[in-house]
Amino acid sequence: MRKSFFLAAAAAAALLSACGLGAPAYPTFGEASYRIEGSTADANGGAPVHTVVYRDGPKLRVETVLPNMGEATIVFDESTNAAYVLNPTGQLPTAAVQPATAPTTTATPPAATTTTAPPATTAAAPPPQVVGVAVRIEDADAPQPFETAWAALGAENARSTGKCEVAGESGHEWTPREAPAPGVERTACITDDGIVLRVSESGRTLWEATSLQRGDQDAALFGVPAGYQLIDPQAVAEQVGQNMEQLDSVTGATQPAQRTPAPAPTP
1 MRKSFFLAAA AAAALLSACG LGAPAYPTFG EASYRIEGST ADANGGAPVH
51 TVVYRDGPKL RVETVLPNMG EATIVFDEST NAAYVLNPTG QLPTAAVQPA
101 TAPTTTATPP AATTTTAPPA TTAAAPPPQV VGVAVRIEDA DAPQPFETAW
151 AALGAENARS TGKCEVAGES GHEWTPREAP APGVERTACI TDDGIVLRVS
201 ESGRTLWEAT SLQRGDQDAA LFGVPAGYQL IDPQAVAEQV GQNMEQLDSV
251 TGATQPAQRT PAPAPTP
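Here is the structure:
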């Protein structure tokens, strides 16, 4: 009798699990503020890359290594609603420095000679130097939070495969109910408050956290720092095009699109 009871309980638990009842609630994303550190890897191969992500609501900062660029910092600046790659020049702002005063000695001038010292002058402060540049990048090229794809997937399209623990943090392993592509199996260890601790695809770890600190992040981490020059590649390209048109007008060159067609012969 007791054995039958346990078998019935096990069968009921299996049935509830199959129906999705009793499964963990799907995480709520976008409400946690945190600093997370770990390593990322390309799905096509390559060594893991050290990556640090700061998140505070819609504000995002990513410090990582990019191909052909090396170490890079990408920020999403809410004030301009744009993403930038920060490139420090290594120069610090130059403060106004007072000229050093040479030591003076007191000498007794001749009685008949009177010397008038010239008025003291203050050296003009040099103009502030640019400490870095912020290059505008297309929104499609800007990094997205790890949780964006899982938030878009939604609870109805994901299922939990069990508990998980990464970097001392507990969560649940989630996977799409339908494979994103034939033969591709994607899973993620996600905390209940929506922080992605690990992402794996077909057995390969693409992201894994090594440390996590929750809490409000310093506002200075986000946006373009003071002293940085904003560069918009699209605007630069348009300016170059305008300069070329002006040069053509000076040299007498004519753009192919602006050439006037020859009149048709008179019948």
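Residue 1 is where the sequence shown starts when you use this note's numbering, and the numbers rise one by one after that. Just so it is clear, CB atoms sit at the ideal spot from N, CA and C, and this is done for glycine as well. Quick caveat, the model's predicted, so the values are computed rather than measured.
Tell me which residues share the same chain as serine 202 and place their Cβ nearer than 7 Å to its Cβ, disregarding the 5 neighbours each side in the sequence. On the sequence shown, residue 202 is found 202 positions in, with the first residue counted as 1. These residues qualify, in order along the chain: Val184, Glu185.
Near tyrosine 54, which residues of its chain fall below 6 Å by C-beta distance, leaving aside the five closest residues on each side in sequence? Taking the sequence shown and counting its residues from 1, the one referred to as residue 54 is at position 54. Arg35, Arg61, Gln217, Leu221, listed in sequence order.
Output the boundary residues of the beta strand (DSSP E) element that contains leucine 60. Position 60 of the sequence shown, counted from the start, is the residue given in the question as residue 60. 59–66 is the span of the beta strand (DSSP E), which, as asked, contains leucine 60.
Here's a check: name, in chain order, each residue in its chain whose Cβ is nearer than 6 Å to the Cβ of phenylalanine 29, leaving out the five neighbours to either side. For this step, residue 29 is matched to residue 29 along the sequence shown. Same-chain partners within the cutoff: Glu147, Ala151, Gly194.
What three-state label does DSSP hand proline 233 in the structure shown? Here residue 233 refers to the residue found at position 233 of the sequence shown. In this structure, DSSP gives proline 233 a helical state, which the three-state scheme calls helix.
Report all residues from its chain with a CB closer than 7 Å to the CB of proline 176; omit the five preceding and five following residues, and keep chain order. For the purposes of this step, residue 176 is identified with residue 176 of the sequence shown, where counting begins at 1. Cβ neighbours of proline 176 beyond the five flanking positions: Leu153, Asn157, Ala158, Arg186.
For the beta strand (DSSP E) holding threonine 28, just list the boundary residues, first then last. Numbered from its first residue, the sequence shown carries residue 28 at position 28. It is not in any beta strand (DSSP E) - threonine 28 carries neither H nor E in the DSSP assignment.
Straight-line gap, glutamine 229 to glycine 162 (C-alpha atoms, nearest Å): As a first step, residue 229 must be located in the sequence shown, where it is residue number 229. As a first step, residue 162 must be located in the sequence shown, where it is residue number 162. For glutamine 229 and glycine 162, the distance between alpha carbons rounds to 49 Å.
Mark histidine 172 as exposed unless 16 or more other C-beta atoms lie within 10 angstroms of its C-beta, in which case mark it buried. By 1-based counting over the sequence shown, the position of residue 172 is 172. Its Cβ being crowded by 16 or more others within 10 Å, histidine 172 is buried.
Pick from Ser170, Lys59, Asp77: whose alpha carbon is nearest that of threonine 191? By one-based count along the sequence shown, residue 191 stands at place 191. Considering only alpha carbons, the answer is Ser170.
Can you find the residues in the same chain that come closer than 6 Å, C-beta to C-beta, to valine 196, ignoring five residues on each side of it along the sequence? What you label residue 196 is simply residue 196 of the sequence shown in a count that begins at 1. Hits under 6 Å: Phe146, Glu147, Ala188, Ile190.
Quick one: grab the DSSP three-state call for threonine 148. Taking the first residue of the sequence shown as 1, we reach residue 148 at position 148. Helix at threonine 148.
Short of 8 Å in beta carbon distance, which residues of its chain neighbour glutamate 78, apart from the five on each side in sequence? Order them along the chain. Taking the sequence shown and counting its residues from 1, one reaches residue 78 at position 78. In the same chain as glutamate 78, and ignoring 5 residues on each side of it, the C-beta atoms closer than 8 Å to its own belong to Pro58, Lys59, Phe222, Gly223, in chain order.
Collapsed DSSP secondary structure at asparagine 87 in the structure displayed: The sequence position of residue 87 within the sequence shown is 87, counting from 1. Strand at asparagine 87.
In three-state DSSP terms, what is aspartate 216? Numbered from its first residue, the sequence shown carries residue 216 at position 216. Coil, per DSSP.
Going by C-alpha to C-alpha distance, which of Val49, Thr80, Asp56 sits closest to glutamate 71? On the sequence shown, position 71 is the one that residue 71 refers to. The option with the nearest alpha carbon to glutamate 71 is Val49.
So, is threonine 89 buried or exposed, given that buried needs 16 or more other C-beta atoms within 10 angstroms? Within the sequence shown, residue 89 is the residue found at index 89, counting from 1. Label assigned to threonine 89: exposed.
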